[in-house]
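Accompanying notes for the structure given below.
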Amino acid sequence: MFGHAGVRLFFVLSGYLITLMLVQYLDARDAGRAPPLWHFYARRALRLWPAYILILGIATLLDWQDIRSVFWWHFLYGSNFLFAYTNDWQPWATAGWWSLSVEEQFYLIWPPVLLMTPQRFRVMAAVAFCALGIGLRLMLDPETVAFTTLPFSSFDALAGGALLAMADHRRKLSHWFPMVVPLALLGILFSWQFSSWLIVHIDETLCVLLFAGVVAFARQGYRGPAQWILGNPILRYLGRISYGMYLYHLFVMAFLFRDAARYSVMFQSRGWALMLFGTVITVALASLSWYLLEAPINRLKQRFPFPQ
Numbered sequence: 497m498f499g500h501a502g503v504r505l506f507f508v509l510s511g512y513l514i515t516l517m518l519v520q521y522l523d524a525r526d527a528g529r530a531p532p533l534w535h536f537y538a539r540r541a542l543r544l545w546p547a548y549i550l551i552l553g554i555a556t557l558l559d560w561q562d563i564r565s566v567f568w569w570h571f572l573y574g575s576n577f578l579f580a581y582t583n584d585w586q587p588w589a590t591a592g593w594w595s596l597s598v599e600e601q602f603y604l605i606w607p608p609v610l611l612m613t614p615q616r617f618r619v620m621a622a623v624a625f626c627a628l629g630i631g632l633r634l635m636l637d638p639e640t641v642a643f644t645t646l647p648f649s650s651f652d653a654l655a656g657g658a659l660l661a662m663a664d665h666r667r668k669l670s671h672w673f674p675m676v677v678p679l680a681l682l683g684i685l686f687s688w689q690f691s692s693w694l695i696v697h698i699d700e701t702l703c704v705l706l707f708a709g710v711v712a713f714a715r716q717g718y719r720g721p722a723q724w725i726l727g728n729p730i731l732r733y734l735g736r737i738s739y740g741m742y743l744y745h746l747f748v749m750a751f752l753f754r755d756a757a758r759y760s761v762m763f764q765s766r767g768w769a770l771m772l773f774g775t776v777i778t779v780a781l782a783s784l785s786w787y788l789l790e791a792p793i794n795r796l797k798q799r800f801p802f803p804q
């Protein structure tokens, strides 16, 4: 449950950041000083592809969990369609990659839509994306994998972040907006008292409102305990390497739990110890990935300037 909620937060935040960059790009274009749009895609590729191609390449060479048979699905960022088509999460070590595929598909769809839409209709376009996502999701069975992984199932989260970016860009991110956090949270808690088909769908949208409020709250700054927690150097470092952690953690856990008999009695009898050990390994691998691969390549983005 919490893993899925984390992905929804990721989509809201991603929709916000990407749209904010794009509306700033549109301002620069109107002023006649915009870089080419392909710089946006080049920067995204430099950030996302190296570590992804590395782990996919290693897993394919080893044929980890028979990944060769579905290599092209993952290579072409179609993992979400693979899992929806098979209604299964195999290969399990790649199960988290569906969200990366949705993100890549969002990059292909949303920038052209936003750039071709007249300014006065852009908010309506984002609202239409939200409505489309909610409407199409209502047609799916919540018990299926497709309910989670198909791209339009996340349109409301991505477009919710986009609406937030447009409000921020217009300086209309008013102080009342974070109030949706407690209201959405109350709605989610209330909905848990029921188990109807409709409530399951409503929860998804309530989570979007909740996380949009969280992002809006963070955008306006925070003080006190929130500042101490979110500004903690350890959390900031984990945030820096979080992409690698997300890519590698299921491979690490799959290896450890599959081969638990090789380890000491503690690891065989206490799952928490194995999880802790796996977390340490994941952080170590993500750190190596960041310093040896991702950060050096990430610096190449300077050659492709784009509004931030």
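Note that the working numbering gives residue 766 to position 270 of the sequence shown, counting from 1, and the numbers run on in steps of one.
Idealized CB from N, CA, C, for every residue including glycine.
Query	Result
Presumed contact (8 Å Cβ cut-off) between G740 and W768, rounded CB distance	Going by Cβ atoms, the distance from G740 to W768 rounds to 23 Å, so no, they are not a contact pair.
Buried or exposed by the 16-neighbour rule on C-beta atoms within 10 Å, applied to G807	There is no way to answer for residue 807, as the model of the chain reaches only from 497 to 804.
Residue range of the alpha helix (DSSP H) that includes R539	W534 to L558
Neighbourhood of W545 by C-beta, 6 Å cutoff - its chain only, sequence neighbours within 5 removed	none
Within 7 Å, strictly: CB atoms of F643 and L628	no
Residues of its chain near S597, where Cβ-Cβ distance is below 7 Å and the 5 sequence neighbours each way are ignored	Y573, G574, S575 and N576
Nearest-angstrom Cβ-Cβ length linking L516 and D664, presumed shorter than 8 Å	6 Å
Option nearest Q601 by Cα separation, candidates Y537, T582 and G631	Y537
7 Å Cβ cutoff met for G657 and Y512	yes
Rounded separation between L796 and M635 - CA only	43 Å
Residue burial classification, V566 (beta-carbon count within 10 angstroms, cutoff 16)	buried
Rounded separation between A530 and L578 - CA only	38 Å
Member of Q586, L509 and P801 whose CA lies at the smallest distance from the CA of R715	L509
Reference Q586; option with closest CA among W606, P607, D562 and E599	D562
T583 - DSSP class collapsed to helix/strand/coil	Checking the sequence, you will find Asn at residue 583 rather than Thr. Reduced to three states, the DSSP call for N583 is coil.
Cut-off 7 Å between Cβ atoms - residues of its own chain near T640, not counting five sequence neighbours on either side	N583
7 Å Cβ cutoff met for A621 and V609	yes
4 or more residues per run - each alpha helix (DSSP H) lying fully within the segment 620 to 654	642 to 645
DSSP three-state assignment for V737, whether helix, strand or coil	What sits at residue 737 in the sequence shown is Ile, not Val. Residue state, collapsed to three classes: coil.
With 16 other Cβ atoms within 10 Å as the buried cut-off, status of Y742	buried
Beta-carbon proximity list for Y744, same chain, < 8 Å, skipping 5 on both sides	I551, T778, L781, A782 and S785
Contact under 7 Å by Cβ, G774 with M749	yes
Same chain only: Cβ atoms within 7 Å of F802, ignoring 5 sequence neighbours per side	M517, Y521, P531, H535, F536 and R539
Collapsed DSSP secondary structure at G709 in the structure displayed	helix
Where the alpha helix (DSSP H) containing P792 begins and where it ends	A791 to N794
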